[in-house]
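In our numbering, the protein residues as written are 12 to 608.
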Amino acid sequence: MKRKLWTTAIIGNIPVLLLCILLISPLLVLSNALYDQDMKSSMTNDYKHNIVIVAIDDESLHQIGTFPWKRTTYIPVIDKLEKMGVKSIGFDVMFNEASNEADDNALAAEFAKYKNIILPAQAEFSGKFNEIDNSASSIKHPNEAVKSKDVLLPLPIFANVTQVAQVNAILDKDNVIRKTFLQINTGKGIYDSLAVKSAANFGVDVNKFLNKYPSKDMQIKFDLNSSDIQLIPFTKLMNDTGKIHLKNTVVLIGFTANGISDDDGRTPIEKKTKLVYVHANIINQLINDTHLSPENKGLTYLLIFLLFALGIFFSWKFKPTTSFIIVFAIIIVLLFGQYAMFAYQDVFINTVNPISALLLSFLVNISIKTYFETKQKNYITKQFGRYISPDLVKEIAKSDKEIQLGGISKELSVLFLDVRGFTPLSEKLQPEEVVGFLNMMFNLITEKALENQGTIDKFIGDAAMILYNAPLDVVHHEYYAVKSAFEIQKGMVQVREDVLAKYGVTISVGIGINTGLVVVGNIGSYLRVDYTAIGDNVNTAARIESNTQPNQVLVSEATYERTNQYFEYNCVGEKMMKGKSVPVKLYEVIDHIKAPE
Numbered sequence: 012m013k014r015k016l017w018t019t020a021i022i023g024n025i026p027v028l029l030l031c032i033l034l035i036s037p038l039l040v041l042s043n044a045l046y047d048q049d050m051k052s053s054m055t056n057d058y059k060h061n062i063v064i065v066a067i068d069d070e071s072l073h074q075i076g077t078f079p080w081k082r083t084t085y086i087p088v089i090d091k092l093e094k095m096g097v098k099s100i101g102f103d104v105m106f107n108e109a110s111n112e113a114d115d116n117a118l119a120a121e122f123a124k125y126k127n128i129i130l131p132a133q134a135e136f137s138g139k140f141n142e143i144d145n146s147a148s149s150i151k152h153p154n155e156a157v158k159s160k161d162v163l164l165p166l167p168i169f170a171n172v173t174q175v176a177q178v179n180a181i182l183d184k185d186n187v188i189r190k191t192f193l194q195i196n197t198g199k200g201i202y203d204s205l206a207v208k209s210a211a212n213f214g215v216d217v218n219k220f221l222n223k224y225p226s227k228d229m230q231i232k233f234d235l236n237s238s239d240i241q242l243i244p245f246t247k248l249m250n251d252t253g254k255i256h257l258k259n260t261v262v263l264i265g266f267t268a269n270g271i272s273d274d275d276g277r278t279p280i281e282k283k284t285k286l287v288y289v290h291a292n293i294i295n296q297l298i299n300d301t302h303l304s305p306e307n308k309g310l311t312y313l314l315i316f317l318l319f320a321l322g323i324f325f326s327w328k329f330k331p332t333t334s335f336i337i338v339f340a341i342i343i344v345l346l347f348g349q350y351a352m353f354a355y356q357d358v359f360i361n362t363v364n365p366i367s368a369l370l371l372s373f374l375v376n377i378s379i380k381t382y383f384e385t386k387q388k389n390y391i392t393k394q395f396g397r398y399i400s401p402d403l404v405k406e407i408a409k410s411d412k413e414i415q416l417g418g419i420s421k422e423l424s425v426l427f428l429d430v431r432g433f434t435p436l437s438e439k440l441q442p443e444e445v446v447g448f449l450n451m452m453f454n455l456i457t458e459k460a461l462e463n464q465g466t467i468d469k470f471i472g473d474a475a476m477i478l479y480n481a482p483l484d485v486v487h488h489e490y491y492a493v494k495s496a497f498e499i500q501k502g503m504v505q506v507r508e509d510v511l512a513k514y515g516v517t518i519s520v521g522i523g524i525n526t527g528l529v530v531v532g533n534i535g536s537y538l539r540v541d542y543t544a545i546g547d548n549v550n551t552a553a554r555i556e557s558n559t560q561p562n563q564v565l566v567s568e569a570t571y572e573r574t575n576q577y578f579e580y581n582c583v584g585e586k587m588m589k590g591k592s593v594p595v596k597l598y599e600v601i602d603h604i605k606a607p608e
């Protein structure tokens, strides 16, 4: 059994482990959800007013007109920003198409006055125009910037007099922006991101970011909601009379107006936001020198194997309830631990797959364990039910407690039975025939006893001791004891005839019954325990049996008084018995009248 158990456990766990590994990709949605929840919960919302968005909003579109605007529209805004002393002006608005030549020349001349203006470029990948699927590994190498097939640049008249930066967004498979490219190799040059250029203008040493991330991509640490960041409508800045002060700030000019879908995106903190807010969060991260470590695949696999092993260990080491509590506690510790690492160390640990491995291994192994334990209990019940009462076996099997020595005082009906004529019969039989005869006899006795809720205490040679009302309570136990004896005697009629015809020997059975208080329980030593009954009333039952005639059932006065309405009796008088100072009145069972109502 044990070998089969371990074989089943090993064979059963191999596919489970493989399943845990295969579930890494399907469970990515849950891992991303955990990552996003960590991001939302750990946001600082610490806004220092050093990043400002000049918004092309609905009101500005209403006042100035449909986009694209006349190029000269930007000139007074740029002039005001520069006079305020801003450190960087970054456009999240493309200038790749020519308009009125005079207007373009005028704007180019305005750009040429300053060194801190950044215009956007968009790298072209297979897929959406301004986006790259993070799974496009064919164009991504771990120790160099991503390569694009082409790049859409501002008009040369603008690009030649400004800084140029890429504004591509990285979309995960669920279309959420969690990473950013710090640089892209476009084939026409390597372009920093708008955030990198803006932070550099602000005075940040961006080289340490570029050096820290050889692949030139970085997890975005979102610390600011859209509502946290100062926003100034474009037209309000145009009409400013000196009340707005933006000295030493980074300014982003971008869309916040509704209906411009190409500039919408999803982030871990907001289901729908404008991409200019994403750039603002990245700049904030660069200024604050925050580095967010993404999932370490090696650590994830290590945790999967470790927790898979722990699930197996706890399921077999402890009881189901205890192991469940331990597994639940481990899950809670893992979830709180990974959140603490994210919130205080800026490290994301994927615990979704390891927890799944823990639960799968635990459930599979607890199922295997339960199956074999149930099978073992059924086997024990079946085997030992041949020796003692099946009810007693079930009570022992379902109890997780060790059998304790000791007994209780309880009223029982005790039946003693002895086969008469066995000695001369055994002299005529071979040893195996003697065993066969006894088995046949005891089958009859056992069947009748168990049918009447009795517990076979023991077989002693050609004698038996049967208890009623133990270990489980039996209503009318006196009645069932006498009924068992009556039915055994009826069954013996055919057995006697068969033995007489076959061996020429007459056999009979004498049965004695007594009812009274006894001590019943587990009696013996820690090495060998016997469930039995002891006491004067047990001895009395044995003495009554020794006073019986062949095929006779005798009961004590205590048993008689409780059962005389159910059986016909004949008083056989008083008998002196060994160990007794007064005689015991005995009654012979004649016939069965009725059952208790």
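Where is the CB? At the ideal position from N, CA and C, for every residue including glycine.
- With a beta-carbon spacing of about 11 angstroms, Ile524 and Ala553 fall beyond the 8 angstroms limit used to define contacts.
- With a 10 Å radius around the Cβ and a threshold of 16 neighbouring Cβ atoms, Ala606 comes out exposed.
- By the criterion of at least three beta-carbon pairs nearer than 8 angstroms, the region 310 to 322 is not in contact with the region 283 to 298.
- Rounded to the nearest whole angstrom, the CA to CA distance from Tyr350 to Asp216 is 30 angstroms.
- In this model, Lys59 and Leu313 are separated by some 40 angstroms (Cα to Cα).
- Closest in alpha carbon position to Ser424, among Ala340, Val566, Ile379 and Asn558, is Val566.
- Within 10 angstroms of the beta-carbon of Gln296 lie 16 or more other beta-carbons, which makes it buried.
- Burial state of Ser420 is exposed, judged by a 10 Å Cβ sphere holding fewer than 16 other Cβ atoms.
- Classified as buried, Ile188 has 16 or more neighbouring CB atoms from the shown chains inside 10 Å of its CB.
- By the Cβ criterion, the region 576 to 587 is not in contact with the region 442 to 455, since fewer than three pairs of Cβ atoms, one from each stretch, lie closer than 8 angstroms.
- Gln177 sits in a strand when the DSSP states are folded into three classes.
- Rounded to whole angstroms, Ala206 and Leu193 show a C-alpha spacing of 8 angstroms.
- Residue pairing of Tyr580 in beta bridges, as defined by DSSP: Val600.
- Taken through DSSP and simplified to helix, strand or coil, Phe448 comes out as helix.
- DSSP places Phe266 outside any alpha helix (DSSP H); the residue lies instead in the beta strand (DSSP E), whose first and last residues are Val261 to Phe266.
- Cβ neighbours of Gln230 within its own chain (closer than 6 angstroms, five residues either side excluded): Lys190, Leu303 and Pro305.
- For the region 83 to 169, the full-length beta strand (DSSP E) segments reaching 3 residues or more read 99 to 102, 128 to 135, 142 to 144 and 161 to 163 along the chain.
- Using a Cβ distance threshold of 8 angstroms, Ile545 and Ile522 do not count as a contacting pair.
- In the DSSP secondary-structure assignment, Val375 is not bridged to any residue.
- Scanning Glu458, Met352 and Gln133 for the CA closest to the CA of Ser159 turns up Gln133.
- The C-alpha of Pro37 lies about 17 angstroms from the C-alpha of Ile360.
- Beta-bridge partners assigned by DSSP to Leu565: Gly523 and Glu599.
- Look at Val217 here: in three-state DSSP terms it is coil, with no helix or strand label.
- Fewer than three Cβ pairs drawn from the region 78 to 98 and the region 177 to 185 lie within less than 8 angstroms of each other, which leaves the two stretches out of contact.
- Pairing Ile315 with Leu369, the inter-Cα distance amounts to about 8 angstroms.
- With fewer than 16 other Cβ atoms from the protein chains shown falling within 10 Å of its own Cβ, Phe347 counts as exposed.
- Rounded to whole angstroms, the Cβ separation of Thr260 and Val63 is 5 angstroms, and the two are in contact under 8 angstroms.
- If the five residues before and after Ala123 are omitted, its C-beta is found closer than 7 angstroms to the C-beta atoms of Val172, all from its own chain and listed in chain order.
- In this chain, the alpha helix (DSSP H) harbouring Ser495 covers His488 to Tyr514.
- Each residue's CA atom was taken as its position, placing Val358 and Asn222 some 19 angstroms apart.
- Pairing Gly276 with Thr267 gives a Cβ-Cβ distance that is not under 8 angstroms.
- In this structure, DSSP gives Ile280 a state outside helix and strand, which the three-state scheme calls coil.
- Around the beta carbon of Val178, a 10 Å sphere encloses 16 or more other beta carbons of the protein chains shown; the residue is thus reported as buried.
- In the three-state reduction of the DSSP assignment, Asp185 falls in the coil class, being assigned neither a helical nor a strand state.
- Ala481 sits in coil when the DSSP states are folded into three classes, being neither helix nor strand.
- Burial of Gly265 is indicated by the presence of at least 16 other C-beta atoms within 10 angstroms of its C-beta.
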